[in-house]
Every structure is written in structure tokens, then in C-alpha cells.
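The block underneath contains the structure these notes are about, expressed in C-alpha cells.
2 protein chains.
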Amino acid sequence: MQKNLLDQLIDSLQCLPSVGKKSAQRMAYHLLEHNRQGATQLAETLDKAMSYIGNCQVCRDYTEQDLCPICANEKRDAKTVCVVESPSDVAAIESTASYSGRYFVLMGNLSPLDGFGPEEIGLPQLAKVVIENDCEELIIATSATVEGEATAHFIKSMLQEQQNLKVSRLAQGVPIGGELGYIDQNTLSLSLANRQKI
Amino acid sequence: MQKNLLDQLIDSLQCLPSVGKKSAQRMAYHLLEHNRQGATQLAETLDKAMSYIGNCQVCRDYTEQDLCPICANEKRDAKTVCVVESPSDVAAIESTASYSGRYFVLMGNLSPLDGFGPEEIGLPQLAKVVIENDCEELIIATSATVEGEATAHFIKSMLQEQQNLKVSRLAQGVPIGGELGYIDQNTLSLSLANRQKI
């Protein structure tokens, strides 16, 4: 027997991350009771987004155009490229409003055991972008995890023949507002080693 | 300028209860990256659900049919009606598998200041159901709040001319697993007054 529509809706809502049966139920009842219009709008946008959003042909960020707004923006400095793991990292860096270069989105990290080799994270395309634009700086902003570091090192060695290219990595240290008592030892010893003159 | 599709999606997702900008972003990226098929399915179900789910003509529960599965089920005892505030209460009671009567869903509580009078919560229809089915018991399972109690009293007095009708209310007392030290005074004094012989 086919499930009734309400149960189908509750099942479908569980495709959202960290939404289980109880939350899905609450969402379904909320939408039916208070916001049918919003839900219909959501359905339409979801459908369109899933059909039309692809990857930028240059930087691999999500966009429904051939080029994402950042790559299409002539005012952004094409000589500086920031390499990030995911589109949400682009949004995070953009929200700081302190970077005016371009991006390159790996859509993951090097992880050969999971089948993520250099091809899968788009490194040949990154090399092409760097060479074609004659880039001056590559900021590798992968996570400060083992995989992120490995990816950063791989990119660094892949591009070592580019004489004019400065390859940098995000600064590591004590976060703003961080109390020393709560910072882990590794971060603390690193921030001590990399201390800066003021 | 029109927002891009990704931003539209992030905006639309915020119609879900307790989903703010940050969660909406996470959901959008998750769906785009890991579950486009699920999202398309969700879009379709949402759209259908919002268009077709209405209220049962008898009990006012959500259903896409004229009658909800419970009202349409001949095996459910039509002489016993449980009055609840919302469809989620029906689901909660159904999940106990210890009730075989029918339901009536108020879709709210009496709250004249908010414009919720007897008409809005369907009391004339409840009276009709009770009289037509010649009901024997009405279990009022509204919340144990001021509004819930007021609604229960109103229903009780509305139906006091039905000689054969027994009107009951959910038992109140110490919940299973409740430690006495953590139970509020009112509940405790009520459960003392209503103590039962064992």
C-alpha cells in the first residue's frame, strides 16, 4: 500500500542533514499549518536549484551560469587565487570582505583511499588557471587537518616550477577571543614558534 | 538584481522551523553535493503535499482524501472520540498503539483574544459528530495548560445535555521515570489528591 502524502512528506524531509523523523514531523506540520506558500516556493526553488546549479567552469564553485559571479567579475584580482575545499569556504571568506582575489574550489581533499586523487579535486585545472593567468600568489586555504595539509603540500610541489608564483598558507595560531588556558598544546606551541613582532 | 539560485535556495530553506541562515546554508550545500536526487524528490513531495493535503471532513486531521484513514477505518470505535489540539497529537497517541477510538482535531485552542472562538476550533462540528454517532465517551486530550483546560471545560459544558456521554480527561500525575525531587509542586499535590488504590 502506498503511504499517504503526509508520511511521504515526512520521509522526504529526512533527506535534509541532521533532520530525523521527529524534526521532519515538526517541519511538515509547521509548513502545513503556517506556511504553505513558503513551502510551495521552497519546492519550486529546490527543483530549479537541483536542475540548474552546476560548477563554474573556471573555479568549480557552485553557480547556475558558465562562470560564477566572482570569476565573471573583472574587478577581482585574477593574479591571486585562493584554494579552498568547498563552496561554503568561499562564502566564509567572502563574508570577511577582506579578500579581493579569485577562488579555486577543490570540492574535497586528496584522499586516495576514498578515490579522491589529483584529478578528482581538479588539480590539472588549477594548474591551468595558474599558468594561463600568470598568477602571482596562491593562497592555500584548505583545513588545518591531516588531509588538508597533505593537499596543501601536494599543490605546493605540483606548482614548484612556477618561478613567479608565491604559495602561501593561512596563518595558524590563537583565534581572536581565545583564552590561552583553553587552546590545545599544538596550536599554542605553533603560535609561539610563529610569533610576530609588534 | 535578482539573487542567484543558490542564495534563493538558502532563503527558501529558512521557511522551515528553527532553520536560520547558517543551517540553511549547510542544508543547501549538503543537498547540492550529496543528495540532488533526494532534494528533487523532496521538491515534488512538498509541492504535492501543499496542494493536496486538506482536512478530514469528519475529524479535521490532515489528509489528502475526504476522510482520513482513521475515520475511514470501520474497525475503529466510532462511539469513542478523543479530542486533541493538533494532528501531531494524533500521531503521538497513535504511536502508543493503546487507543482504538476515533479522533477530533481542534487545530488550536480556544483563545478569543487571538480570534480563536468555538467556530474556529470546530466545536459545532464536534457536537454534530458526537450526536450523529451517539458517542459514549469523549476523551478530552488538550494540553495541561491554561488554554487547554479552558477548552476542555468549554467542551464539557457544551455537551452537558448529552445524557449518555461520559466526558473524561487524560490522567495527570507523575510521569513514568519521574523522580519526585524534580516534579513541580502542583503536579505533585495533584497526583497526591488523585492517588489510586493498588
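If you read the sequences in order, they're chains A and B.
At the far end of the first sequence sits residue 308, using this note's numbering, and the numbering has no gaps.
At the far end of the second sequence sits residue 308, using this note's numbering, and the numbering has no gaps.
Ideal Cβ positions, reconstructed from N, Cα and C, are used throughout, including at glycine.
Comparing alpha-carbon positions, which option in the options lies nearest residue i?
{"i": "G189/B", "options": "E154/B, S128/B, C181/B", "result": "The residue you asked about is not Gly; residue 189/B is Lys in the sequence shown. Closest by alpha carbon: C181/B."}
{"i": "G164/A", "options": "A159/B, C178/B, L142/B", "result": "L142/B"}
{"i": "I250/A", "options": "V240/A, K266/A, Q235/A", "result": "K266/A"}
{"i": "I309/A", "options": "D171/A, G287/A, G130/A, D157/A", "result": "The displayed coordinates of chain A run from 111 to 308. Any statement about residue 309/A would go beyond what the structure contains."}
{"i": "G227/A", "options": "A260/A, I286/A, V277/A", "result": "A260/A"}
{"i": "I203/A", "options": "D294/A, S133/A, D121/A, T252/A", "result": "T252/A"}
{"i": "T173/A", "options": "L302/B, D117/B, N274/B", "result": "D117/B"}
{"i": "Q306/A", "options": "E257/A, N296/A, A281/A, G287/A", "result": "A281/A"}
{"i": "L275/A", "options": "T255/A, N219/A, E246/A", "result": "E246/A"}
{"i": "Y162/A", "options": "S221/B, A149/B, V129/B, G225/B", "result": "A149/B"}
{"i": "Q273/B", "options": "L248/B, N183/B, I308/B", "result": "L248/B"}
{"i": "C257/A", "options": "L220/A, E229/A, I293/A, V239/A", "result": "For the sequence presented, residue 257/A should be read as Glu rather than Cys. Among L220/A, E229/A, I293/A, V239/A, the Cα nearest to that of E257/A is on L220/A."}
{"i": "Q147/B", "options": "R146/A, Q147/A, L126/A, S133/A", "result": "L126/A"}
I'd like the list of long-range same chain contacts for residue i, defined as Cβ closer than 7 Å, with 5 residues on each side in sequence excluded.
{"i": "V215/A", "result": "C169, R170, D171, V194, S196, P197, V200"}
{"i": "C166/B", "result": "T173, L177, C178, C181"}
{"i": "G211/A", "result": "R186, D187, T190, V191, C192"}
Using the C-alpha atoms, what's the distance from residue j back to residue i?
{"i": "M137/A", "j": "N304/B", "result": "37 Å"}
{"i": "H140/B", "j": "E289/B", "result": "42 Å"}
{"i": "L269/B", "j": "H144/A", "result": "30 Å"}
{"i": "N114/A", "j": "S278/A", "result": "56 Å"}
{"i": "K131/A", "j": "L223/B", "result": "34 Å"}
{"i": "I120/A", "j": "Q235/B", "result": "29 Å"}
{"i": "K158/B", "j": "I241/A", "result": "50 Å"}
{"i": "S301/A", "j": "Q151/B", "result": "48 Å"}
{"i": "T255/B", "j": "H263/B", "result": "12 Å"}
{"i": "P285/A", "j": "T297/A", "result": "10 Å"}
{"i": "L123/B", "j": "Q175/B", "result": "28 Å"}
{"i": "N243/B", "j": "A237/B", "result": "10 Å"}
{"i": "S299/B", "j": "T206/B", "result": "27 Å"}
{"i": "G291/B", "j": "Q112/B", "result": "58 Å"}
{"i": "Y209/B", "j": "V129/A", "result": "29 Å"}
{"i": "N183/B", "j": "V239/B", "result": "16 Å"}
{"i": "D294/A", "j": "Q135/A", "result": "40 Å"}
{"i": "M160/A", "j": "A153/A", "result": "11 Å"}
{"i": "G287/B", "j": "G287/A", "result": "42 Å"}
{"i": "L233/B", "j": "G283/B", "result": "28 Å"}
{"i": "S133/A", "j": "Y213/B", "result": "23 Å"}
{"i": "E229/B", "j": "E271/B", "result": "19 Å"}
I'd like the list of long-range same chain contacts for residue i, defined as Cβ closer than 6 Å, with 5 residues on each side in sequence excluded.
{"i": "T155/B", "result": "none"}
{"i": "G218/A", "result": "F226, I231"}
Return yes when the C-beta of residue i is under 7 Å from any heavy atom of the ligand FAD, and no when it is not.
{"i": "P285/B", "result": "In the structure on display, the ligand FAD does not appear, and there are no ligands present to speak of."}
Residues of chain C with CB under 8 Å from residue i, in chain order?
{"i": "G148/B", "result": "You won't find chain C in this structure, because its protein chains are A and B."}
Which same chain residues, not among the five before or five after residue i, have their C-beta less than 8 Å away from its C-beta?
{"i": "I308/A", "result": "none"}
Original post:
At what residue ranges does the segment 127–211 of chain A contain a whole run of the beta strand (DSSP E), taking only runs of 3 or more?
Top reply: 187–194
Subject >> Segments assigned beta strand (DSSP E), at least 3 residues, entirely inside the segment 243–299 of chain A >> reply: 247–250, 276–279
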